[in-house]
Amino acid sequence: MGKVNWHAASSKCGALGGELMVLDDYEDYLKTTMFLKSQGLLASEDWKNSLWAGIHRLGNGVDFRKSKNGEDPFLPWVPGEPNNGNPEEACVAFGNYLKTNGYIDFQCTSENPYVCQHPKIRENYLCIKREYFVETIF
Ligand SMILES: [Ca+2]
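For the sequence shown, position 90 matches number 90 in UniProt numbering, and the numbering has no gaps at all.
This is the structure in structure tokens:
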């Protein structure tokens, strides 16, 4: 199934010259959601197959940050998340829960599918979102 833990997914994207997917803003959220649905990567009520995102928090009491540069991320959580469930959920994935598409905090050791995006493509970013993703593992 190509599911791996967060660190393995992040490493695999890095080896491709990319990074785990990150939602830049609400418009990006809408376009990315459409793209992932079109690829069959975002199923309703299938939160267990949420896609790893390039967001996590390092250490207790630390806010979620973009793993690439430590910046504050745009965080469209699904209802009830982040809940920092058992015993600690420090990594973030994008999926569907309670009919809402958004982020869910997971244990970093969970094995989830992931998509990578390429960081060098900046021009017309939203229009080329589809091409922005360099690899999908599901
Ligand atoms: Ca959670």
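Every residue gets a Cβ at the ideal spot worked out from N, C-alpha and C, and that includes glycine.
Self-check item: C-alpha gap between Lys-68 and Leu-30, whole angstroms
Solution: Here the question's residue 68 lines up with position 68 in the sequence shown. Here the question's residue 30 lines up with position 30 in the sequence shown. When rounded, the distance between both Cα atoms is 22 Å.
Quiz item: To the nearest angstrom, how far is it from the Cα of residue 150 to the Cα of Ala-9?
Solution: Shown here, the chain extends from 1 to 138; a query on residue 150 therefore has no answer.
Quiz prompt | Touch test, the segment 38–52 against the segment 93–111, Cβ-Cβ under 8 Å, three pairs minimum | solution = Yes, the segment 38–52 is in contact with the segment 93–111.
Quiz item: What first and last residue would you give for the alpha helix (DSSP H) that runs through Ala-43?
Solution: Mapped onto the sequence shown, residue 43 falls at position 43. For Ala-43, there is no enclosing alpha helix (DSSP H), since its DSSP letter is neither H nor E.
Quiz item: For the candidate residues Asp-105, Glu-88, His-7, Val-4, whose alpha-carbon lies nearest to that of Glu-81?
Solution: Position 81 of the sequence shown holds residue 81. Per the C-alpha coordinates, the member of Asp-105, Glu-88, His-7, Val-4 positioned closest to Glu-81 is Asp-105.
Quiz prompt | Rounded straight-line distance, which links the Cα of Phe-64 to that of Leu-75 | solution = Here residue 75 corresponds to residue number 75 of the sequence shown, with the count starting at 1. Here residue 64 corresponds to residue number 64 of the sequence shown, with the count starting at 1. Near 9 Å, if we compare the C-alpha coordinates of Phe-64 and Leu-75.
Quiz item: Straight-line CA distance for Gly-18 to Asn-86?
Solution: For the purposes of this step, residue 18 is taken as the residue at position 18 of the sequence shown. For the purposes of this step, residue 86 is taken as the residue at position 86 of the sequence shown. In this structure, the CA atom of Gly-18 is about 30 Å from the CA atom of Asn-86.
Practice problem: Assign Leu-20 to one of two classes, buried (16 or more other C-beta atoms within 10 Å of its C-beta) or exposed (fewer than that). | Solution: Taking the first residue of the sequence shown as position 1, residue 20 is located at position 20. In summary, Leu-20 is buried, with 16 or more beta-carbon neighbours lying within 10 Å of its beta-carbon over all protein chains present.
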